[in-house]
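Here is the structure we will look at, set down as structure tokens.
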Amino acid sequence: MTSKPIFILNGPNLNRLGKREPEIYGTTTLAEVEAMCREAAGDRPVRFHQSNAEHQLVDWIHEAIDEGAGILINPAGLSFRSIPLLDALKMFPGPIVEFHISKIHRREEIYHRSLVSTAATAVLAGLGPSGYALAVKALIGMVREGET
Ligand code: DHK
Numbered sequence: 111m112t113s114k115p116i117f118i119l120n121g122p123n124l125n126r127l128g129k130r131e132p133e134i135y136g137t138t139t140l141a142e143v144e145a146m147c148r149e150a151a152g153d154r155p156v157r158f159h160q161s162n163a164e165h166q167l168v169d170w171i172h173e174a175i176d177e178g179a180g181i182l183i184n185p186a187g188l189s190f191r192s193i194p195l196l197d198a199l200k201m202f203p204g205p206i207v208e209f210h211i212s213k214i215h216r217r218e219e220i221y222h223r224s225l226v227s228t229a230a231t232a233v234l235a236g237l238g239p240s241g242y243a244l245a246v247k248a249l250i251g252m253v254r255e256g257e258t
């Protein structure tokens with residue numbers, strides 16, 4: 111039986127990874143992040159997306175509600191103000207890992223309080239782009255726990 115996919119969702123401006131403020135986000139591109147995630151996921155199917163549009167991220171979360179085993183989300187700037195994103199995530203029955211490349215709690219005040227964290231099962235921040243692989247493995251571990 112094919113296992114249900116994990117959804118890896120990336121928010122606004124993450125399409126610019128590699129060029130965007132490399133002193134904060136590093137020089138790894140989003141395509142390289144996707145490859146790392148697929149490698150870390152092993153035989154678990156992955157749906158990897160990025161959008162600068164809040165409604166598109168909400169639509170993918172609805173897809174995950176119907177078809178997904180877990181969600182890894184870097185909501186980027188939407189972390190801090192998006193009620194629609196939070197409301198959609200609250201409907202998801204499985205594990206949610208919220209991920210931030212940077213140390214959001216040591217940055218400007220506006221980045222300190224994520225609304226998404228109130229729906230997340232776990233939060234990872236400050237590990238840099240390579241942290242996505244750790245987040246994938248943590249999510250798959252939670253999914254397996256829920257499937258046993
Ligand atoms: C990414 C962004 O685009 C910022 O808006 C967040 C997050 C931090 C990150 O560290 O991945 O504040």
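In terms of this note's numbering, the sequence shown opens at residue 111 and continues consecutively. For every residue, glycine included, the Cβ atom is placed at its ideal position computed from N, Cα and C.
Using a 10 Å radius around the Cβ and a threshold of 16 neighbouring Cβ atoms, would you call residue i buried or exposed?
| i | result |
| --- | --- |
| I134 | exposed |
| P185 | buried |
| A230 | buried |
| A150 | buried |
| P205 | buried |
| E255 | exposed |
| G241 | buried |
| G179 | One point to set straight first is that residue 179 is Ala, not Gly, in the sequence displayed. Classification for A179: buried. |
| G251 | exposed |
| G152 | exposed |
| H210 | buried |
Which of helix, strand or coil does DSSP assign to residue i?
| i | result |
| --- | --- |
| G251 | helix |
| F190 | helix |
| R126 | helix |
| L225 | coil |
| K216 | According to the sequence displayed, residue 216 carries Arg and not Lys. Helix, per DSSP. |
| G180 | strand |
What I want to know is whether the C-beta of residue i ends up closer than 7 Å to one or more non-hydrogen atoms of the ligand ZN.
| i | result |
| --- | --- |
| S212 | Ligands in the displayed structure: the ligand DHK; the ligand ZN is not one of them. |
Would you check if the distance between the CB atom of residue i and the CB atom of residue j is smaller than 8 Å?
| i | j | result |
| --- | --- | --- |
| T139 | L127 | yes |
| S212 | A245 | no |
| V226 | I171 | no |
| L237 | I181 | no |
| F117 | R148 | no |
| F202 | A174 | yes |
| L195 | L188 | yes |
| A248 | A232 | yes |
| P115 | E177 | yes |
| S192 | R154 | no |
| F190 | S161 | no |
| P239 | G121 | no |
Name the two residues that bound the continuous alpha helix (DSSP H) containing residue i.
| i | result |
| --- | --- |
| A151 | L140 to A151 |
| V207 | It is not in any alpha helix (DSSP H) - V207 instead sits in the beta strand (DSSP E) that spans I206 to H210. |
| A235 | First-last for A235: A232 to A235, but that is the beta strand (DSSP E), not the alpha helix (DSSP H). |
Between which two residues does the beta strand (DSSP E) harbouring residue i extend?
| i | result |
| --- | --- |
| F202 | Note, F202: premise wrong, no beta strand (DSSP E); not H, not E. |
| N120 | I116 to N120 |
Margin query: Using a Cβ distance threshold of 8 Å, determine whether the stretch 167-180 contacts the stretch 209-225, with at least three qualifying pairs required.
Written below: no
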